[in-house]
Amino acid sequence: MTLLQFPADRRTADVRRCAEALQQLHGEAANRFWRSEMAGFAAGLRGQGVAEDEIGHQASLFMRAVQTELELVFAAEEALA
66 MTLLQFPADR RTADVRRCAE ALQQLHGEAA NRFWRSEMAG FAAGLRGQGV AEDEIGHQAS
126 LFMRAVQTEL ELVFAAEEAL A
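Just so you know, our numbering puts 133 at position 68 of the sequence shown, and the rest follows in order with no gaps.
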């Protein structure tokens, strides 16, 4: 079992940073940003010696956290409209 100091879905600053960036980007620019973020994310974990299956699990947690953050922002915007 791999011990991670900061599980990906609890990296709130990174989650919010990505969600904010994705709110401003659309289409291919958003895709490029996200692919770059996830490649860096995976490379960082590989550099720490994390197993590939755990990298996949952490990536899934992170993606879900970013999606949840985006949903919360959109819900708040709709409530104000």
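For every residue, glycine included, the Cβ atom is placed at its ideal position computed from N, Cα and C.
- Classified as exposed, ALA104 has fewer than 16 neighbouring CB atoms from the shown chains inside 10 Å of its CB.
- Counting only the Cα atoms, GLU117 lies some 31 Å from GLN89.
- The three-state secondary structure of GLN132, taken from DSSP, is helix.
- For VAL80 against GLU134, the beta-carbon gap comes to about 5 Å, under 8 Å, which counts as contact.
- Burial check for LEU137: the Cβ neighbour count within 10 Å stays below 16, so the residue is exposed.
- Taking each of ALA107, ALA144, ALA78 in turn and checking the Cα distance to GLN123, the smallest one comes out for ALA107.
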